[in-house]
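Numbering (the UniProt record's numbering), first residue to last: 1 to 352. Here a beta-carbon is modelled for each residue, glycine too, at the ideal position from N, C-alpha and C.
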């Protein structure tokens with residue numbers, strides 16, 4: 001039997017967003033490949049970081065696009081991770097005109113007209129035409145994205161599917177360990193260290209809770225915001241899962257104080273489900289992603305304006321019994337994001 005090929009073509013590349021898709025491919029005779037179409041960011045990365053691997057990646061992606069421009073291959077499925085109303089969709093669809101193309105998107109606010117790449121009547125017309133004539137289906141990262149996209153474009157819901165980001169294998173804690181989990185004076189943040197992730201609030205919470213140790217897993221250009229606080233430990237970017245879990249398992253809460261800014265919202269929150277899979281309740285702002293993942297049984301959602309004071313109160317006053325119930329509820333909710341369950345969602349459209 002001929003192996004079919006699925007190619008994810010993304011602007012920046014985010015392999016951890018396609019864990020369940022890889023699992024689906026591995027178990028259903030599909031070959032999975034990843035490429036990037038964002039040429040400008042790749043050139044900037046070459047100039048800024050001066051790494052040979054960035055240069056190799058750039059030429060690999062460029063050659064891939066040029067080959068597909070003249071190729072007649074029809075046994076490939078293309079999944080485009082493209083920003084809302086990005087006019088490059090027209091060029092990409094021309095390049096992949098001989099292939100079956102799906103859109104994969106996480107943007108949660110289609111109705112308000114505020115998009116990362118801007119908004120124009122021309123862009124909407126291009127997308128509307130493409131969705132009607134050239135797109136086989138739509139994969140949404142959340143139910144909110146699904147609803148807003150379908151309403152905005154009047155797109156056929158029967159050619160659409162909600163596929164959450166999934167936990168990597170190895171994240172979900174054993175049930176016996178969850179039962180024994182204790183509340184400790186350790187607080188967690190995981191993510192890119194940029195100001196829109198709420199770093200200033202993390203610093204203020206750490207100052208207000210000096211008896212707690214705050215563990216920061218991640219790196220980024222704004223790491224300096226957190227560097228001089230005595231009870232903050234910055235572990236940096238970690239790639240080894242066992243090392244990450246060792247730190248995560250010390251902690252009793254995950255802070256997720258994300259702040260909306262132009263062109264960005266917390267559309268999902270992979271670190272939220274990762275923490276929950278280890279029995280850690282989440283304290284988050286009311287961003288679209290956390291709102292869809294957690295409720296008041298598994299954690300806390302506060303507005304951006306009230307987050308600081310409310311998070312401090314939760315950390316200082318939440319009793320052990322309530323925390324324990326939330327820990328178990330978080331763990332049980334995380335089971336909805338396992339790789340095997342979500343791989344079936346990819347297959348619902350791709351196997352048609």
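Whether or not the segment 122 to 137 and the segment 93 to 101 are in contact is what I'm after, with contact meaning three or more pairs of Cβ atoms, one per stretch, closer than 8 Å; do they touch? yes
By DSSP, does residue 38 sit in helix, in strand, or in coil? coil
Would you be able to state if there are at least three C-beta pairs under 8 Å between the segment 153 to 172 and the segment 327 to 347? yes
Residue span of the alpha helix (DSSP H) that contains residue 152, given as start and end: Per DSSP, the unbroken alpha helix (DSSP H) holding residue 152 starts and ends at 143 to 153.
Proximity winner among 20, 16, 5, 10, relative to residue 345 (alpha-carbon distances): 20
How many Å lie between residue 25 and residue 312 at the Cα? 44 Å
Do you know how far the Cα of residue 252 is from the Cα of residue 291? In this structure, the CA atom of residue 291 is about 20 Å from the CA atom of residue 252.
Starting from the Cα of residue 152, find the closest Cα among 162, 125, 161, 269 and give me that residue. 125
To the nearest angstrom, how far is it from the Cα of residue 78 to the Cα of residue 30? 12 Å
Residue 190 bridges to which residues according to DSSP? 217
Continuous alpha helix (DSSP H) assignments of at least 4 residues falling wholly in the segment 237 to 279: 241 to 248, 270 to 276
Quick one: grab the DSSP three-state call for residue 31. strand
How is residue 17 classed by DSSP in three states: helix, strand or coil? helix
Name the DSSP bridge partner or partners of residue 5? 31, 76
Between residue 262 and residue 283, what straight-line distance do the alpha-carbon atoms span, to the nearest angstrom? 23 Å
On the three-pair Cβ rule with 8 Å, is the segment 187 to 201 touching the segment 302 to 312? As far as the Cβ criterion goes, the segment 187 to 201 touches the segment 302 to 312, which means the pair count is three or higher.
With a CB to CB cut of under 8 Å and the five nearest residues on each side skipped, what residues in its chain are close to residue 14? Counting only Cβ-Cβ distances below 8 Å, and skipping sequence neighbours, we find 81.
Start-to-end residues for the alpha helix (DSSP H) that takes in residue 175: 175 to 180
Reduced DSSP category for residue 137 - H, G, I as helix; E, B as strand; rest coil: strand
Contact defined as beta carbons within less than 8 Å: I believe residue 6 pairs with residue 32. What is the distance between those atoms, to the nearest angstrom? 5 Å
Which residues bound the beta strand (DSSP E) around residue 162? 160 to 162
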